[in-house]
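Counting in this note's numbering, the final residue of the sequence shown is number 576, and the numbers go up one at a time with none missing.
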Amino acid sequence: MENKFKLRRAVVWLLSLLMVAYIGLSATPLMSKAQAAAEDKVILSIDKRQPASRGQEIQVDIKMDTTKQPAYVAQFYIDYDSERLEFISGRQDMELWEGGMAAIKGTNGRVKGYVNSASGENEIISQPIMTMKFKVKDEAPAGEAAMTFSVDTVANSADKKVPYECSNGSVLVVSPITGVTLDKDKLALTAGDSDTLTATVNPVDTTDDKTIAWSAGSDKIAAVDNTGKVTAISAGTTDITATTTNGKTAKCTVTVTPMDTTAAQAPTATGITYGQKLDESTLSGGSVKGADNAEVKGTWQFENPDELLSAGSQKAKAVFIPAEPGKYSQCEAEANIEVAQLNITVTPAALEEGKILGKTYGEKDSELTYTLSPALVGNDKMTGALAREAGEDAGTYPINLGTLSAGDNYMLTLAEGAVYTVNKALPTFDPVPQVKDPVDKGTALKEVKYTEGKALDINGKALKGTFEWVDLDLKVEKSGNYKMRFIPDDPNYATMLLDVTVKVKGDDSKVPTPGAPTPESPQPNVTGGNPSTGIFNNPAVLYPIAAMMLAAVSGCMVLYFKRIKVGKH
8 MENKFKLRRA VVWLLSLLMV AYIGLSATPL MSKAQAAAED KVILSIDKRQ PASRGQEIQV
68 DIKMDTTKQP AYVAQFYIDY DSERLEFISG RQDMELWEGG MAAIKGTNGR VKGYVNSASG
128 ENEIISQPIM TMKFKVKDEA PAGEAAMTFS VDTVANSADK KVPYECSNGS VLVVSPITGV
188 TLDKDKLALT AGDSDTLTAT VNPVDTTDDK TIAWSAGSDK IAAVDNTGKV TAISAGTTDI
248 TATTTNGKTA KCTVTVTPMD TTAAQAPTAT GITYGQKLDE STLSGGSVKG ADNAEVKGTW
308 QFENPDELLS AGSQKAKAVF IPAEPGKYSQ CEAEANIEVA QLNITVTPAA LEEGKILGKT
368 YGEKDSELTY TLSPALVGND KMTGALAREA GEDAGTYPIN LGTLSAGDNY MLTLAEGAVY
428 TVNKALPTFD PVPQVKDPVD KGTALKEVKY TEGKALDING KALKGTFEWV DLDLKVEKSG
488 NYKMRFIPDD PNYATMLLDV TVKVKGDDSK VPTPGAPTPE SPQPNVTGGN PSTGIFNNPA
548 VLYPIAAMML AAVSGCMVLY FKRIKVGKH
């Protein structure tokens with residue numbers, strides 16, 4: 008067979024010379040035929056860039072296209088990259104072709120192939136004619152393992168060589184990305200600062216696209232560009248992630264802290280009154296700069312808004328809250344603030360509706376009670392007491408603040424018109440005046456004779472004064488009780504009205520028991536004083552008591568006593 012091929016090559020060479028001569032005679036027609044002949048070729052091709060991993064077996068097809076140039080036989084060699092590939096076996100399409108394929112003994116990296124038509128005729132096909140099986144070596148370098156044709160002959164059934172064209176192939180030994188690492192797994196930045204992360208794709212000889220996609224967990228905390236440059240934006244913690252084309256990731260935790268700030272000027276505070284909390288003052292003004300020397304916008308607030316400051320010129324700590332709290336830190340300053348005294352109105356009980364503060368002549372002063380408006384702050388206490396103008400005689404005495412005080416945080420104001428009242432004392436009588444003998448009917452009181460009574464002061468001593476009938480011209484028509492008054496010489500005692508029993512001759516009707524002596528003019532009911540005669544303040548004055556009654560006369564509470572009769576009267 009090989010001798011026939013050599014003979015045919017010689018013939019072809021001779022024919023080529025003849026054709027060159029012919030072309031010289033008729034160039035244009037021959038060029039067209041040559042172009043047509045160039046297109047009528049057998050195309051031999053090998054699969055290109057078939058991907059395979061280390062240790063993997065891979066099938067590579069050898070294709071033959073004879074649709075434009077039918078062929079009967081083909082003999083060829085395929086040189087392959089033995090550093091990367093190990094030949095395992097080869098086979099042909101047994102239905103269409105006969106022949107075989109095997110590695111050439113003693114030659115590493117070459118495979119010999121031979122096929123001829125099973126029908127013994129030219130074939131017109133476009134399909135794989137043979138299949139090679141390779142194994143990618145475990146230590147194979149990543150990259151393209153070339154497969155190159157070397158053709159001995161391609162001929163038709165007439166043993167005539169036909170033109171052919173080869174398209175070499177290859178196996179791509181892939182090295183997939185197994186992971187990615189970053190040069191830093193933690194990064195601490197101040198807002199506004201930046202740093203660059205470096206990503207390393209593994210393995211270094213990977214055949215995959217090494218492009219890294221960068222992303223930030225929160226772009227409000229930190230941003231990252233496509234080069235791995237991280238820029239801190241706002242306080243917080245977030246992850247910067249590097250992602251490979253096959254989804255492998257590596258992360259760096261970025262912690263951002265706010266930029267330092269400094270108060271260039273403290274804020275001013277509006278004045279408040281003692282008892283008001285700090286947050287009732289308004290802060291304004293002031294200026295703050297960041298470490299980048301930029302003016303920082305924000306608001307001021309008191310560090311302890313519920314704090315109560317003492318009256319006077321004070322200082323209070325204020326905290327600056329940036330409008331961008333993640334970018335800038337807080338800072339502090341001291342604000343001056345004026346705290347005014349709290350004005351308290353002291354209202355003595357004497358001014359309260361329905362109350363008259365005072366006592367009865369001869370008693371000790373009662374406590375000068377009062378109310379406050381507004382109330383004291385918190386647990387603050389009053390010290391001292393109200394006072395009144397000096398004097399013990401019956402009458403009214405203006406009340407003043409005396410030693411009353413609430414401390415330096417308060418300004419006390421006494422309500423106007425408050426007085427302390429000393430009521431007149433009520434005399435007692437022992438004995439009371441008496442009419443011993445019955446009188447004629449129609450007798451005027453001024454003609455009725457009576458025994459003088461005895462008035463007693465608050466100490467049980469005789470009280471000088473005058474007894475007289477209230478209505479001197481009143482005529483006695485029947486037995487009964489008639490009014491007499493006692494006018495004391497001492498102005499600190501009240502004029503009293505007494506019931507004196509007068510009997511008419513021949514009128515034996517029963518006369519009611521005389522009522523208790525009462526003041527002719529009602530006195531106010533004072534708070535804190537004893538409106539009685541003062542007996543309870545003078546225990547040395549003792550009377551044998553048969554009965555005690557409490558009566559209300561013209562709004563005044565009075566005590567009167569019924570004496571036990573001793574002997575004849």
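From the three backbone atoms N, C-alpha and C, an ideal C-beta is built for every residue, glycine too. Values in this document were obtained by computation on a predicted structure and should not be read as measured data.
Apart from the five residues just before and just after Thr275, which ones in its own chain have a Cβ nearer than 8 Å to its Cβ? Reading the sequence shown from its first residue, position 268 is the one you call residue 275. Within the same chain, Thr275 has close Cβ partners Leu290, Ser291, Gly292, Gly293, Ala342 and Asn343.
Backbone CA spacing between Lys144 and Val122 [nearest angstrom]: Numbered from its first residue, the sequence shown carries residue 144 at position 137. Numbered from its first residue, the sequence shown carries residue 122 at position 115. Put simply, the backbone Cα of Lys144 is about 28 Å away from that of Val122.
Which same chain residues, not among the five before or five after Ala340, have their C-beta less than 6 Å away from its C-beta? Taking the sequence shown and counting its residues from 1, the one referred to as residue 340 is at position 333. Answer for Ala340: Ala270, Ala273 and Ala325, listed in chain order.
Where in the stretch 71 to 150 do unbroken runs of the beta strand (DSSP E), each at least 3 residues long, occur, reported from the N-terminal end onward? Runs found: 80 to 87, 92 to 99, 104 to 110, 117 to 124 and 133 to 143.
Thinking Val477 and Lys366 are a contact (beta carbons under 8 Å), I'd like their distance in whole angstroms, please. Taking the sequence shown and counting its residues from 1, one reaches residue 477 at position 470. Taking the sequence shown and counting its residues from 1, one reaches residue 366 at position 359. Val477 to Lys366, Cβ: 29 Å. No contact.
Do the CB positions of Ser164 and Glu105 come within less than 8 Å of each other? By one-based count along the sequence shown, residue 164 stands at place 157. By one-based count along the sequence shown, residue 105 stands at place 98. Result no, Cβ atoms of Ser164 and Glu105 do not sit closer than 8 Å.
How about Lys75: is its C-beta nearer than 8 Å to some C-beta of chain D? Judged by its chain identifiers, the structure shown contains no chain D, having just a single protein chain.
Output the distance between the C-alpha atoms of Lys510 and Asp444, rounded to the nearest integer angstrom. The count along the sequence shown starts at 1 and reaches residue 510 at position 503. The count along the sequence shown starts at 1 and reaches residue 444 at position 437. Those two C-alpha atoms are separated by around 7 Å.
Assigned secondary structure, Lys296 (DSSP; H/G/I helix, E/B strand, else coil): Counting from 1 along the sequence shown, the entry for residue 296 is found at position 289. For Lys296, the three-state secondary structure derived from DSSP is strand.
Quick check: what's the CA-CA separation for Asp88 versus Arg56? On the sequence shown, residue 88 is found 81 positions in, with the first residue counted as 1. On the sequence shown, residue 56 is found 49 positions in, with the first residue counted as 1. Cα-Cα distance, rounded: 13 Å.
Best match in Thr155, Arg492, Ala469 and Met101 for proximity to Asn175 [C-alpha to C-alpha]: Along the sequence shown, read from residue 1 onward, the residue named residue 175 stands at position 168. Residue Thr155 is the option with its Cα nearest to Asn175.
Beta-carbon proximity list for Asp72, same chain, < 6 Å, skipping 5 on both sides: By 1-based counting over the sequence shown, the position of residue 72 is 65. If we look at Asp72 and ignore the five residues flanking it on each side, its Cβ neighbours are Ile50 and Ser133.
To the nearest angstrom, report how far apart Ala257 and Gly224 are at their CA atoms. As a working note, residue 257 is residue 250 in the sequence shown. As a working note, residue 224 is residue 217 in the sequence shown. Straight-line Cα distance between these residues: approximately 13 Å.
How about Asn407 and Leu421: are their beta carbons less than 8 Å apart? Counted from its first residue, the sequence shown places residue 407 at position 400. Counted from its first residue, the sequence shown places residue 421 at position 414. With contacts defined as CB atoms closer than 8 Å, Asn407 and Leu421 qualify as a contacting pair.
Assuming contact is defined by CB atoms lying nearer than 8 Å, are Val455 and Lys512 in contact in what I supplied? Within the sequence shown, numbered from 1, the residue matching residue 455 stands at position 448. Within the sequence shown, numbered from 1, the residue matching residue 512 stands at position 505. Going by C-beta atoms, Val455 is not nearer than 8 Å to Lys512.
Residues that Tyr335 bridges to, as DSSP identifies them: The residue given as residue 335 occupies position 328 in the sequence shown. Tyr335 is bridged by DSSP to Met266.
C-alpha distance - Gly62 paired with Leu179, whole-angstrom precision: For the purposes of this step, residue 62 is identified with residue 55 of the sequence shown, where counting begins at 1. For the purposes of this step, residue 179 is identified with residue 172 of the sequence shown, where counting begins at 1. Approximately 13 Å, taken between the alpha carbons.
Quick check: what's the CA-CA separation for Asp200 versus Lys296? In the sequence shown, the residue the question calls residue 200 occupies position 193. In the sequence shown, the residue the question calls residue 296 occupies position 289. Cα to Cα, the separation comes out at about 17 Å.
Give the DSSP bridge partners of Pro526, in chain order. By 1-based counting over the sequence shown, the position of residue 526 is 519. For Pro526, the beta-bridge partners assigned by DSSP are Met503.
6 Å Cβ shell around Ile219 - same chain, five flanking residues per side excluded: Numbered from 1 along the sequence shown, position 212 holds the residue referred to as residue 219. The residues are Ala206 and Ala249.
Val346 to Thr428, Cα distance in whole Å? In the sequence shown, residue 346 corresponds to position 339, counting from 1. In the sequence shown, residue 428 corresponds to position 421, counting from 1. The alpha-carbon atoms of Val346 and Thr428 are separated by roughly 39 Å.
Assuming contact is defined by CB atoms lying nearer than 8 Å, are Asp159 and Gln82 in contact in what I supplied? Within the sequence shown, numbered from 1, the residue matching residue 159 stands at position 152. Within the sequence shown, numbered from 1, the residue matching residue 82 stands at position 75. Yes, the pair counts as a contact, with Cβ atoms nearer than the cut-off.
Going by DSSP, what residues sit across from Thr207 in a beta bridge? Residue 207 sits at position 200 when you count from the first residue of the sequence shown. DSSP output for Thr207 lists Thr188 as bridge partner(s).
Tell me Thr520's beta-bridge partners as DSSP assigns them. Start at 1 with the first residue of the sequence shown, and residue 520 comes out as number 513. Note: Thr520 sits in no beta bridge, so no partner.
Own chain, CB closer than 7 Å to Ala330, minus 5 neighbours either side, in chain order: As a position in the sequence shown, residue 330 is number 323, starting the count at 1. Here the set comprises Lys304 and Gly305.
Beta-carbon spacing of Gly235, Thr262 below 8 Å: As a first step, residue 235 must be located in the sequence shown, where it is residue number 228. As a first step, residue 262 must be located in the sequence shown, where it is residue number 255. No, they are not a contact pair.
With Ile53 and Gly120 assumed to form a contact (beta carbons below 8 Å), what rounded beta-carbon distance in angstroms separates them? The sequence position of residue 53 within the sequence shown is 46, counting from 1. The sequence position of residue 120 within the sequence shown is 113, counting from 1. Separation of the CB atoms of Ile53 and Gly120 is rounded to 11 Å, and the pair is thereby denied contact status at 8 Å.
Three or more C-beta pairs closer than 8 Å, one from the stretch 431 to 441 and one from the stretch 487 to 507: is that the case here? Contact holds: three or more Cβ-Cβ distances are below 8 Å.
Specify the secondary structure class of Asp68 as computed by DSSP and reduced to three states. Here residue 68 is taken as the residue at index 61 of the sequence shown, counted from 1. Strand.
Can you give me the start and stop residues for the alpha helix (DSSP H) that Glu46 sits inside? Looking up residue 46 in the sequence shown gives position 39. Glu46: member of the alpha helix (DSSP H) spanning Ala34 to Glu46, first to last residue.
Starting from Ile228, trace the beta strand (DSSP E) both ways and give me its first and last residue. Counting from 1 along the sequence shown, the entry for residue 228 is found at position 221. From DSSP, Ile228 is part of no beta strand (DSSP E); its letter is neither H nor E.
Evaluate the contact criterion for the stretch 352 to 370 versus the stretch 312 to 327: three or more CB pairs, one atom per stretch, below 8 Å. Under the Cβ criterion (8 Å, minimum of three pairs), the stretch 352 to 370 does not count as touching the stretch 312 to 327.
Rounded separation between Ile465 and Ile279 - CA only: Locating residue 465 in the sequence shown gives position 458, counting from the first residue. Locating residue 279 in the sequence shown gives position 272, counting from the first residue. Rounded to the nearest angstrom, the gap between the Cα atoms of Ile465 and Ile279 is 56 Å.
Would DSSP call Asp200 helix, strand or coil? The count along the sequence shown starts at 1 and reaches residue 200 at position 193. When DSSP states are grouped into helix, strand and coil, Asp200 belongs to the coil group.
For Thr352, which of Ser336, Ser412 and Cys338 has the nearest alpha-carbon? Counting from one through the sequence shown, the residue named residue 352 turns up at place 345. Per the C-alpha coordinates, the member of Ser336, Ser412 and Cys338 positioned closest to Thr352 is Ser412.
List the residues that DSSP assigns as beta-bridge partners of Thr245. Numbered from 1 along the sequence shown, position 238 holds the residue referred to as residue 245. Partner residues in the beta bridge of Thr245, as assigned by DSSP, are Val261.
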